[in-house]
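Peer 1:
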RNA sequence: CGGCCCGUAGCUCAGCUGGCAGAGCACGUGACUCUUAAUCAUGGGGUCGAGGGUUCGAUUCCCUCCGGGCCGACCA
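Numbering (the numbering used here), first residue to last: 9 to 584.
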């Protein structure tokens with residue numbers, strides 16, 4: 009009776025599990041299954057002339073079946089790809105007993121099941137490289153039917169594209185959309201590429217706290233949590249910058265971390281509440297050096313992934329060959345608007361914003377106004393990789409003042425396809441200046457800017473001991489991955505993107521006892537609930553006992569429950 | 001947060017101005033020893049996202065809610 013909520017196909021598969029057990033076949037065996045080869049190796053290297061791969065063993069998931077009486081073809085998918093397998097009854101069952109083929113393979117196995125096969129490779133008349141199977145082993149029975157995706161000549165039929173299923177049930181997405189697995193392999197390759205480069209230069213990969221008492225290093229709204237034993241609030245980090253700089257104070261030459269950061273802000277195609285940033289800090293360097301290094305990182309990742317610097321993103325071709333264009337923020341604004349805003353005060357900037365129809369409000373200081381103009385008027389034009397350099401002081405509280413331009417800082421951001429990919433500075437190491445800048449942030453916060461930075465006095469103390477001149481850079485790994493794998497949504501480069509939880513259907517359901525108090529036989533309770541009478545009060549609203557009796561008898565027959573029929577009179581008794 | 005669109009069988013999707021819920025694949029049964037979106041025959045499968053309203057009658061019309069997508073606002 010518990011099977012009543014399952015679909016027909018699920019019930020059949022559960023029955024198959026039982027039947028396998030009755031035949032002495034464990035549908036979920038414990039033993040190691042030693043394979044000798046992957047599908048890809050065979051497809052790439054088999055040749056009938058060499059007559060190689062004459063004794064192979066591989067394992068994977070059955071993805072399709074074509075049964076033709078005493079012989080069958082199926083497709084087996086392992087981690088490397090799909091290969092066709094061929095099973096003939098009399099090869100599988102050389103003796104009198106044909107159970108393994110007729111019953112186990114043809115009837116009890118399904119698409120989605122995981123099996124191991126032993127056999128040899130041949131080419132079919134159609135020319136397809138195929139495993140001729142002599143022996144197969146059930147490794148895991150699937151009791152939930154998989155979406156069926158068919159393919160011919162590269163065209164997919166009934167492909168699973170529903171984002172709801174793809175992101176919530178990523179495992180299904182990965183099974184039926186092999187190109188998705190490829191995206192995530194590439195994501196890892198990108199990280200490996202960067203790690204290789206950093207390690208080759210002797211920089212140290214480190215781990216810093218995710219739970220922070222002061223969420224510093226960036227301007228963003230944090231997630232807050234609570235530590236019970238200490239009885240203090242803790243924040244999930246919005247950045248790891250201040251910790252990495254403490255390590256430079258401590259004497260490391262270069263440190264880096266691939267860090268998950270968390271920001272309690274909106275979600276859309278380019279924002280997930282948790283995301284990955286690579287931050288690196290290197291002593292005795294400045295932001296000019298870091299620009300060249302950043303170019304090298306991006307170029308190397310593209311080469312390691314694609315073997316060339318030219319990449320396709322949507323309908324755009326982007327070339328990551330070095331050097332990238334470098335232009336100051338003010339020059340970029342001049343280039344795009346024709347207005348030279350250098351040296352303007354707040355009132356003048358507000359006037360420029362009004363003229364350019366750039367939205368602004370009272371909480372915005374000089375820096376934010378310039379930033380608004382830039383975002384509105386310049387970012388869209390930055391398709392090819394471009395360093396925007398020398399940012400206003402107000403929006404860069406951790407950055408060293410520019411060595412020659414007043415009111416500006418030594419900071420750059422790398423834009424590719426209008427998106428910020430990296431952000432870097434000549435790090436501020438003057439502790440007195442740092443405390444002043446924090447104080448300025450406090451004033452912004454009093455002005456109503458809810459993103460102004462928290463003050464971290466321990467970080468200031470670290471600087472007071474002396475930090476070497478240092479350049480630091482942060483790079484958004486998710487966005488870089490989107491760019492290099494041609495994905496338009498951040499959800500497509502995160503294995504498990506954040507989704508709204510599906511509200512568990514809050515079902516009010518009466519207890520068995522409540523039904524039985526009305527004189528309803530126990531065996532009829534489940535059918536009643538299935539018909540929608542989930543509470544006894546719903547039952548009270550029934551006006552025609554005859555109809556209900558009819559429905560119940562019909563349900564009994566339809567589901568082959570084998571219950572003895574109900575008379576309208578008996579049902580009428582319940583309803584009294 | 002605002003605008004538009006979507007939610008129907010395990011999957012992909014039809015379903016007109018309201019009238020007995022459909023197709024293909026998948027699944028069951030039967031046939032078939034080199035097929036490949038295998039084929040042929042046949043059969044079963046549904047809380048039409050949830051709740052309410054209008055109606056003799058709602059998958060269809062109206063309202064509310066839930067989930068998703070796209071576009072804006074905000075942010076990396």
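Every residue gets a Cβ at the ideal spot worked out from N, C-alpha and C, and that includes glycine. Note that the coordinates shown come from a computational prediction; the quantities given were computed from them, not determined experimentally.
1) Report the start-end ranges of each beta strand (DSSP E) in the stretch 259-329 that is 3 residues or longer and not cut off at the edges.
2) Quick one: what does DSSP say residue 164 is sitting in, helix, strand or coil?
3) Considering only residues of the same chain and omitting the five flanking positions on each side of residue 140, which have a CB-CB separation below 6 angstroms?
4) Give the single residue among 99, 230, 288 whose Cα lies nearest to the Cα of residue 205.
5) If residue 364 and residue 381 are in contact, beta carbons under 8 angstroms, what's the gap, nearest whole angstrom?
6) How long is the line joining the alpha carbons of residue 313 and residue 419, rounded to whole angstroms?
7) Is residue 21 helix, strand or coil by DSSP?
8) Considering only their Cβ atoms, is the gap separating residue 216 from residue 248 smaller than 7 angstroms?
9) Suppose you measure from the CA of residue 344 to the CA of residue 509; what does that come to, to the nearest Å?
10) Should residue 36 go down as buried or exposed, given a rule of 16 or more other Cβ atoms within 10 Å for buried?
11) As a quick exercise: from 54, 150, 451, pick the residue whose alpha carbon is nearest that of residue 18.
12) Give the range of the beta strand (DSSP E) segment to which residue 69 is assigned.
13) Which class does residue 156 belong to by DSSP, given the choice of helix, strand or coil?
14) Kindly indicate the opening and closing residues of the alpha helix (DSSP H) around residue 190.
15) Verify whether the separation of the beta carbon atoms of residue 383 and residue 434 is less than 7 angstroms.
16) Restricting to Cα atoms, I'd like to know which of 388, 414, 446, 401 is closest to residue 426.
17) Please name the residue, chosen from 73, 191, 158, 67, that lies closest to residue 491 on a Cα-to-Cα basis.
18) Quick one: is residue 134 buried, meaning 16 or more other Cβ sit within 10 Å of its Cβ, or exposed?
19) Please list the terminal residues of the continuous alpha helix (DSSP H) segment that includes residue 442.
20) According to DSSP, is residue 480 helix, strand or coil?
21) Looking only at DSSP bridge pairs, what is residue 96 linked to?
22) Quick one: give me the first and last residue of the beta strand (DSSP E) that residue 143 is part of.
23) Within its chain, find whatever has a CB closer than 7 angstroms to the CB of residue 507; leave out the 5 residues flanking it on each side and keep chain order.
24) So for residue 85, helix, strand or coil by DSSP?
25) Taking only the alpha-carbon atoms, compute the straight-line gap between residue 330 and residue 89 and give it to the nearest angstrom.
26) In whole angstroms, give me the CA-to-CA distance for residue 27 and residue 144.
27) What would DSSP say about residue 234, mapped onto helix, strand or coil?
Peer 2: The answer reads as follows:
1) 262-270, 282-291, 318-321, 324-327
2) strand
3) 94, 127, 128, 130
4) 288
5) 6 angstroms
6) 29 angstroms
7) helix
8) yes
9) 43 angstroms
10) exposed
11) 150
12) 64-76
13) coil
14) First-last of the alpha helix (DSSP H) with residue 190: 186-208.
15) Note that the C-beta distance between residue 383 and residue 434 is not below 7 angstroms.
16) 388
17) 191
18) exposed
19) Here the alpha helix (DSSP H) through residue 442 covers 439-455.
20) In this structure, residue 480 counts as strand in the three-state DSSP scheme.
21) 79
22) 137-148
23) Its chain contains 175, 176 as the residues whose beta carbon lies nearer than 7 angstroms to that of residue 507, once the 5 sequence neighbours on both sides are disregarded; these appear in chain order.
24) strand
25) If you take the alpha carbons of residue 330 and residue 89, they lie about 36 angstroms apart.
26) Their Cα atoms are separated by approximately 17 angstroms.
27) strand
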